[in-house]
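Asks: Heads up: the sequence shown runs through residues 66 to 431, numbered per this note's numbering. The C-beta atom is built at its ideal place from N, Cα and C for all residues, glycine as well. This is the structure, below, for whatever I ask next.
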Amino acid sequence: MSVPAPAPAAATTSTAPSTGPVLAPDVPATMRASVLLRQGEVEMQERPVPTPPPGEVLVRVRAVGVCGSDVHYYKAGRIGDFVVEQPLILGHEVSGVIAGVGEGVDPSRIGERVAVEPQRPCRTCRQCTTGHLNLCPDMKFYATPPIDGTFCDYVTAPAEFAFPIPDALSDNAGALLEPFSVGMWAVGKAQLAPGSRVLIAGAGPIGALTAIAARSYGATEIIVSDPVASRREQILGFGATSAVDPLDPGFDPAALGVDAFIECSGATPALLAGLKALRPGGTAVMVGLGAEEMPIPVQEVMNKEIVLTGIFRYVDTWPKVIAAAQAPGVDLDALVTAEFPLEEAEAALTQVPGESSLKTIVVVSR
Ligand SMILES: [Zn+2]
Ligand SMILES: [Zn+2]
Numbered sequence: 066m067s068v069p070a071p072a073p074a075a076a077t078t079s080t081a082p083s084t085g086p087v088l089a090p091d092v093p094a095t096m097r098a099s100v101l102l103r104q105g106e107v108e109m110q111e112r113p114v115p116t117p118p119p120g121e122v123l124v125r126v127r128a129v130g131v132c133g134s135d136v137h138y139y140k141a142g143r144i145g146d147f148v149v150e151q152p153l154i155l156g157h158e159v160s161g162v163i164a165g166v167g168e169g170v171d172p173s174r175i176g177e178r179v180a181v182e183p184q185r186p187c188r189t190c191r192q193c194t195t196g197h198l199n200l201c202p203d204m205k206f207y208a209t210p211p212i213d214g215t216f217c218d219y220v221t222a223p224a225e226f227a228f229p230i231p232d233a234l235s236d237n238a239g240a241l242l243e244p245f246s247v248g249m250w251a252v253g254k255a256q257l258a259p260g261s262r263v264l265i266a267g268a269g270p271i272g273a274l275t276a277i278a279a280r281s282y283g284a285t286e287i288i289v290s291d292p293v294a295s296r297r298e299q300i301l302g303f304g305a306t307s308a309v310d311p312l313d314p315g316f317d318p319a320a321l322g323v324d325a326f327i328e329c330s331g332a333t334p335a336l337l338a339g340l341k342a343l344r345p346g347g348t349a350v351m352v353g354l355g356a357e358e359m360p361i362p363v364q365e366v367m368n369k370e371i372v373l374t375g376i377f378r379y380v381d382t383w384p385k386v387i388a389a390a391q392a393p394g395v396d397l398d399a400l401v402t403a404e405f406p407l408e409e410a411e412a413a414l415t416q417v418p419g420e421s422s423l424k425t426i427v428v429v430s431r
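Quick look at the structure:
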C-alpha cells in the first residue's frame with residue numbers, strides 16, 4: 066500500500082527535527098537529468114525532483130566529478146557484473162547545497178554546502194553492523210545500475226552522508242572528496258604511518274589523490290611510477306617526493322624496499338614490479354581496475370610474507386578528506402583540467418583526455 070507523501074512545507078528557522086519533508090521555497094517540481102539510455106547514448110530529460118524520504122536530505126547539485134567508472138558504463142554498458150539494463154543517470158562524485166530535508170532531519174540544514182558520500186548501505190546486515198558498510202551486499206550506490214546517479218539538478222542522500230564543507234573548499238573540491246576518499250582508504254589499508262616509504266603505481270587522478278593522502282598520513286617518501294613523462298612531472302605537484310619511469314631499464318624495483326605499495330594503474334606489470342619493491346612484511350593494496358585476472362609471483366608473496374589486499378570504496382573517510390583537503394600545500398582544484406555544463410555531460414564522457422588531463426567536472430549549477 067502506498068501512502069501519499071505529505072505536502073512539503075516551506076522552510077522555517079526551526080531547529081527541531083521535521084515531522085515531514087521540508088523544502089526550500091525555490092525547489093521546482095521537475096529538473097534536468099543527463100540520462101544514459103543505453104551503451105553510448107545519452108539524452109537530456111526532464112525528471113521529477115525527488116522528495117527526501119525520512120532521514121534524508123535533498124541536495125541541489127553543483128559539481129560532479131567524471132569518474133573512470135562513468136566513462137566505462139557509457140562506453141561498455143557494464144562494469145563486470147554491473148550491467149546497464151535500463152536508463153541510468155551517471156555520476157557519483159558530488160557536491161551541492163541542501164535544498165530540503167525529510168522527516169526527522171533538522172530543517173536548519175537547508176542552505177548548507179555539502180559533499181555527499183554516495184553510499185546507501187542497508188545498515189542491518191552483518192557487514193554493516195560490524196563496520197564494513199562498504200561491503201554491504203544490499204548497497205545502493207549512485208550510478209551503479211539500477212541506482213541513478215548525480216548528473217542532474219537534485220539528488221537525495223542520507224542526512225549523515227551529506228557532510229558540511231567549509232568555505233575554503235570550492236564546489237569542485239567538494240566533488241573531488243569522493244575520489245580523494247578512495248586514496249585515503251587505500252593509504253589506511255596500506256597501514257601508512259609517519260615516516261613510511263610508499264610506492265604508488267600510476268600518476269592519474271587516483272594516483273595523485275593517493276599521493277596527497279599518503280602525505281597526510283605522514284609518509285616521508287612517496288615514489289610514483291608512470292611511463293608518461295608529463296605525468297611524472299605533474300605528480301611532483303601533488304604530494305609525490307619523486308617520480309620514476311617503470312620502463313627505464315635502470316629502474317630496479319627490488320632496490321626500493323618500500324613499506325607499502327599502492328597499485329593505481331591497473332597494469333599487470335605495475336603490480337608485479339610493486340610486489341618486488343616491497344620490503345619483507347610490506348603491504349600491497351590494489352586500487353586500479355585492470356585485467357580481471359593477473360599472475361601472482363607466489364614466492365615473492367610467500368617469502369616476504371606480503372599482505373596483498375584490494376579496496377572497495379571506503380568507510381568513514383569524509384571527515385579525514387575534508388580535513389586533509391584544507392592542509393597547507395593541498396589544492397584539489399589544481400586537479401581539475403576540464404569543465405562541462407550538465408547539457409554537455411556526454412561530451413565530458415567522450416572527450417579524449419590529454420596526457421596531462423586529470424579530472425573533468427560536470428558543472429550542474431553555481
Ligand atoms: Zn569515482
Ligand atoms: Zn548492509
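Leaving aside the five residues before and after valine 252 along the sequence, list all residues of the same chain whose C-beta is less than 6 Å from its C-beta, in chain order.
Replies: These residues qualify, in order along the chain: Ala278, Ala279 and Tyr282.
Asks: Between alanine 273 and valine 124, which are expected to be in contact by the criterion C-beta below 8 Å, what is the C-beta distance as a whole number of angstroms?
Replies: So it is not a contact: roughly 26 Å between Cβ atoms.
Asks: Could you name the residues, in chain order, whose CB is less than 5 Å away from a heavy atom belonging to ligand 2?
Replies: The filter returns Pro186, Cys187, Cys190, Cys193 and Cys201, in chain order.
Asks: Taking the C-alpha atoms as reference points, what is the distance between glutamate 411 and valine 107?
Replies: Between glutamate 411 and valine 107, the C-alpha separation is close to 6 Å.
Asks: If distances are taken between C-alpha atoms only, which option among Pro384, Leu400 and Val372 comes closest to phenylalanine 436?
Replies: Residue 436 lies beyond the range of the chain shown here (66 to 431); nothing can be said about it.
Asks: Label arginine 431 either buried or exposed according to how many other C-beta atoms from any shown protein chain fall within 10 Å of its C-beta, with 16 as the threshold for buried.
Replies: Arginine 431 should be labelled exposed.
Asks: Compute the beta-carbon to beta-carbon distance between proline 244 and isoleucine 271, rounded to the nearest angstrom, for a pair I have assumed lies under 8 Å.
Replies: Right, their Cβ atoms sit about 6 Å apart.
Asks: Assuming contact is defined by CB atoms lying nearer than 8 Å, are leucine 241 and glycine 156 in contact in what I supplied?
Replies: No, Cβ-Cβ distance for leucine 241 and glycine 156 is not below 8 Å.
Asks: Measure the beta-carbon distance from phenylalanine 326 to alanine 305 and round it to whole angstroms, keeping in mind my assumption that it falls under 8 Å.
Replies: Their Cβ separation, rounded to whole angstroms, is 14 Å, which puts phenylalanine 326 and alanine 305 out of contact at 8 Å.
Asks: Along the chain, which unbroken stretches of the alpha helix (DSSP H) at least 4 residues long are found entirely within the region 289-377?
Replies: With a minimum length of 4 residues, the continuous alpha helix (DSSP H) runs that stay inside the region 289-377 are 294-300, 333-342 and 363-368.
Asks: Measure from the alpha carbon of proline 10 to the alpha carbon of each residue in Ala98, Val149, Ser160 and Pro93, then state which is nearest.
Replies: Residue numbering for the chain in the displayed model covers 66 to 431; residue 10 lies beyond these limits and cannot be assessed.
Asks: Buried or exposed for asparagine 199, please, with buried defined as at least 16 other CB atoms from any protein chain shown within 10 angstroms of its CB.
Replies: Answer is buried; the Cβ neighbour count reaches 16.
Asks: Count the other CB atoms, across all protein chains shown, that sit within 10 Å of the CB of phenylalanine 377; report buried if there are 16 or more and exposed otherwise.
Replies: Flag for phenylalanine 377 reads exposed.
Asks: Give me the DSSP bridge partner(s) of alanine 153.
Replies: Rather than alanine, the amino acid found at residue 153 in this sequence is leucine. Bridge partners of leucine 153: Leu101.
Asks: Where glutamine 151 and alanine 208 are concerned, what is the direct C-alpha to C-alpha distance, given to the nearest angstrom?
Replies: So the two alpha carbons sit approximately 12 Å from each other.
Asks: My understanding is that glycine 165 touches valine 263, with C-beta atoms under 8 Å, so please give their C-beta distance in whole angstroms.
Replies: About 43 Å; that fails the 8 Å criterion.
Asks: For my contact list, isoleucine 154 and serine 99 are in at a C-beta cut-off of 8 Å; report their separation, rounded to the angstrom.
Replies: Confirmed, Cβ separation roughly 7 Å.
Asks: Taking the alpha carbon of threonine 415 as the reference point, which residue from Gly120, Ser134 and Asp398 has its own alpha carbon closest?
Replies: Comparing Cα positions, the closest option is Ser134.
Asks: Given 7 Å as the limit, tell me if histidine 157 has its C-beta closer than that to any heavy atom belonging to ligand 1.
Replies: Within the cutoff, so yes.
Asks: For ligand 1, any of its heavy atoms closer than 7 Å to the Cβ of cysteine 132?
Replies: Indeed, a heavy atom of ligand 1 lies less than 7 Å from the Cβ.
Asks: For ligand 1, is there a heavy atom less than 7 Å away from the beta-carbon of proline 418?
Replies: No, the Cβ of proline 418 stays beyond 7 Å of every heavy atom of ligand 1.
Asks: Are at least three pairs of beta-carbons, each pair with one atom in the region 304-320 and one in the region 331-345, less than 8 Å apart?
Replies: In short, these stretches touch, since the Cβ pair count reaches three.
Asks: Quick check: alanine 335 and alanine 238, are their CB atoms within less than 8 Å of each other?
Replies: Contact: no.
Asks: With a threshold of 7 Å, establish whether the CB of glutamate 243 neighbours any heavy atom of ligand 4.
Replies: For ligand 4, the structure offers nothing, since it holds only ligand 1 and ligand 2.
Asks: Applying the criterion that 16 or more other CB atoms from any shown protein chain within 10 Å of the CB defines a buried residue, is glutamate 476 buried or exposed?
Replies: An answer regarding residue 476 cannot be provided, because it is not within the stretch 66 to 431 covered by the chain.
Asks: So if DSSP puts tyrosine 219 in a beta bridge, which residue, or which two residues, is it bridged to?
Replies: Beta-bridge pairing links tyrosine 219 to Arg125.
Asks: Between histidine 197 and tryptophan 250, what straight-line distance do the alpha-carbon atoms span, to the nearest angstrom?
Replies: Distance between the alpha carbons of histidine 197 and tryptophan 250 is about 12 Å.
Asks: Report the option in Pro292, Gly322, Glu298 and Ser160 whose CA atom is closest to the CA atom of proline 314.
Replies: For proline 314, the nearest C-alpha among the options comes from Pro292.
Asks: Mapping DSSP to helix, strand and coil, what is serine 261?
Replies: If DSSP states are grouped into helix, strand and coil, serine 261 belongs with coil.
Asks: Leaving aside the five residues before and after valine 136 along the sequence, list all residues of the same chain whose C-beta is less than 7 Å from its C-beta, in chain order.
Replies: Excluding residues within five positions, the ones whose Cβ falls inside 7 Å are Leu414.
Asks: Could you confirm whether any beta carbon from chain C is found closer than 8 Å to the beta carbon of phenylalanine 326?
Replies: Here there is only one protein chain, and chain C is not present.
Asks: Near methionine 359, what residues of its chain come up, given a Cβ to Cβ distance below 7 Å and the 5 sequence neighbours on each side ignored?
Replies: Answer for methionine 359: Thr333 and Leu336, listed in chain order.
Asks: Take valine 114 as the anchor and find which of Pro186, Met96 and Glu121 has the nearest alpha-carbon.
Replies: When only C-alpha atoms are compared, the closest one is Met96.
Asks: With H, G and I counted as helix, E and B as strand and the rest as coil, what does DSSP make of arginine 178?
Replies: Strand at arginine 178.
Asks: Applying the 10 Å Cβ sphere with the 16-neighbour rule, what's the burial state of leucine 407?
Replies: Buried, because 16 or more other Cβ atoms sit within 10 Å of the Cβ of leucine 407.
Asks: Relative to the alpha-carbon of threonine 285, which residue among Thr116, Ala258 and Lys205 has its alpha-carbon at the smallest distance?
Replies: When each option's Cα is compared against that of threonine 285, the closest is Ala258.
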